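Count along the sequence shown starting at 1, add 49, and that's the number in my numbering.
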Amino acid sequence: MKPFLQRLVSITAFTLVFISCLSSPIALQAKPTITRSAPIRFNPPPPPPDRGAPGNRGEGASRGECAALDLPLTALVPSYKQRLSNSQEQGSTMTKVWGLTSVEQPSFWFYVPYHQSNLQAIEFVLQTDKNKTIYRTPVSVPQAPGIVRVQLQNTTTPLETNKQYHWFFKVSVVCDPKQPPTLDYVEGWVQRVNLDAALRNQLKQPSPQQQVAIYALEGIWYDALTTLAELRLASPQDPQLAEDWKSLLKVIGLEKVATQPLIQSTR
């Protein structure tokens, strides 16, 4: 019996030690930890070839000629420099302002650098590639400089897939009350694309933050920007969203605009 009792004592001691380990701090630390998400990476698709989608997103000084501005009127959209292939214009380049969306009525975002006292009116215009105006709307004048939203609403002609649409964001600026207003504007293009079944399924499950990363990786600029902007408007103090916003805009060279406030807008 003595050997049997010794084995029984050994087994009991091992069991007690095992149970003690399970309840120790080391065992409790075995839970998975939440890690910080990777920076948002926008994968820009190739813009339309040759003369398609020329525009101006606001590079250089604003045309408003008011007091010196830190930043010009700016459209939050990718800008491409392309060399023209025409043999008569070898060495010439064209600036293209263009992005993709997957929705019928996308949103557009613009940084307005002017104070309310210098703004007479703001207008957004959308045209087909044949210069036919399909949407025109006044935009609420912001009280202070910031990033405003224009969302297509009640359009009679929703955006068709695989077609180019030309937009204009026009700002009437009064720098000197004794002088007539001046026009400051930016212009660019949007193209709607169909999402394939695999991508639609991929977008069903993730959180909105993950959807932003998916849209950006697929090169669908307007959807990525709008989804992230809506998240920031809902949670303006979230440091991770602020970091994602900076990362996304930095990819297209607008890191300076990333620090400007987002303004709630009715359009």
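Just so it is clear, CB atoms sit at the ideal spot from N, CA and C, and this is done for glycine as well. All of these numbers come straight from a predicted model, not from anything done at the bench.
Which class does Asp233 belong to by DSSP, given the choice of helix, strand or coil?
The count along the sequence shown starts at 1 and reaches residue 233 at position 184. Asp233 falls in the strand class under three-state DSSP.
When you compare each of Gln313, Glu209, Pro257, Tyr163 to Gln289 by their alpha carbons, which one comes out closest?
Here residue 289 corresponds to residue number 240 of the sequence shown, with the count starting at 1. Cα-wise, what sits closest to Gln289 is Pro257.
What's the call for Glu267, buried or exposed, on a 16-neighbour Cβ count within 10 Å?
By one-based count along the sequence shown, residue 267 stands at place 218. Buried is the call here.
If you run the structure through DSSP and keep just helix, strand and coil, what is Ala193?
Start at 1 with the first residue of the sequence shown, and residue 193 comes out as number 144. Correct three-state label for Ala193: coil.
Which full runs of the beta strand (DSSP E) of 3+ residues lie inside the region 144-211, going along the chain?
Listed in chain order, the complete beta strand (DSSP E) runs (minimum 3 residues) inside the region 144-211 are 156-161, 168-177, 182-187, 195-200.
So the candidates are Leu118, Gly104, Gln200, Ile196; which of them puts its Cα closest to the Cα of Ile312?
Here residue 312 refers to the residue found at position 263 when the sequence shown is read from its first residue. Looking at the Cα atoms, Ile196 is the closest of the given residues.
Can the beta-carbon of Trp147 be found less than 7 Å from the beta-carbon of Trp238?
Translated into positions along the sequence shown, residue 147 becomes position 98. Translated into positions along the sequence shown, residue 238 becomes position 189. Yes, they are a contact pair.
By how many angstroms is the C-alpha of Pro88 removed from the C-alpha of Leu252?
Residue 252 sits at position 203 when you count from the first residue of the sequence shown. Residue 88 sits at position 39 when you count from the first residue of the sequence shown. Each residue's alpha carbon lies about 18 Å from the other.
With DSSP as the reference, label Asn92 as helix, strand or coil.
Counting from 1 along the sequence shown, the entry for residue 92 is found at position 43. Coil at Asn92, not helix or strand.
Taking the continuous beta strand (DSSP E) assigned at Lys130, which residues delimit it?
Locating residue 130 in the sequence shown gives position 81, where the first residue counts as 1. From DSSP, the beta strand (DSSP E) with Lys130 extends over 128-132.
When you compare the CB positions of Leu175 and Tyr214, do they come within less than 7 Å of one another, or not?
Start at 1 with the first residue of the sequence shown, and residue 175 comes out as number 126. Start at 1 with the first residue of the sequence shown, and residue 214 comes out as number 165. Closer than 7 Å, so yes.
Apart from the five residues on each side of it in sequence, which residues of its chain come closer than 8 Å, Cβ to Cβ, to Thr150?
Within the sequence shown, the letter at position 101 stands for residue 150. Answer for Thr150: Leu208, Val239, Gln240, Arg241, Val242, Ile269, Trp270, Tyr271, Asp272, listed in chain order.
Do Pro162 and Leu125 have their C-beta atoms closer together than 7 Å?
Within the sequence shown, residue 162 is the residue found at index 113, counting from 1. Within the sequence shown, residue 125 is the residue found at index 76, counting from 1. No; because the gap between Cβ atoms is not below 7 Å, this pair is not in contact.
Should the region 165-173 be called in touch with the region 219-227, which here means at least 3 C-beta pairs below 8 Å?
The region 165-173 is in contact with the region 219-227.
Report the rounded CA-to-CA distance for Gln154 versus Gln228, giving the unit in angstroms.
Residue 154 sits at position 105 when you count from the first residue of the sequence shown. Residue 228 sits at position 179 when you count from the first residue of the sequence shown. Rounded to whole angstroms, Gln154 to Gln228 spans 38 Å at the Cα level.
Starting from Val222, trace the alpha helix (DSSP H) both ways and give me its first and last residue.
Residue 222 sits at position 173 when you count from the first residue of the sequence shown. First-last for Val222: 213-222, but that is the beta strand (DSSP E), not the alpha helix (DSSP H).
Kindly list the residues whose CB is nearer than 6 Å to the CB of Ser296, restricted to its own chain and excluding five residues on each side of it in sequence; keep chain order.
Sequence index remark: in the sequence shown, residue 296 carries index 247 (1-based). Result list for Ser296: Pro88, Ile89, in chain order.
CB-CB under 6 Å to Ala307, same chain, minus the five flanking residues each way: which ones, in chain order?
By one-based count along the sequence shown, residue 307 stands at place 258. If we look at Ala307 and ignore the five residues flanking it on each side, its Cβ neighbours are Trp294, Lys295, Leu298.
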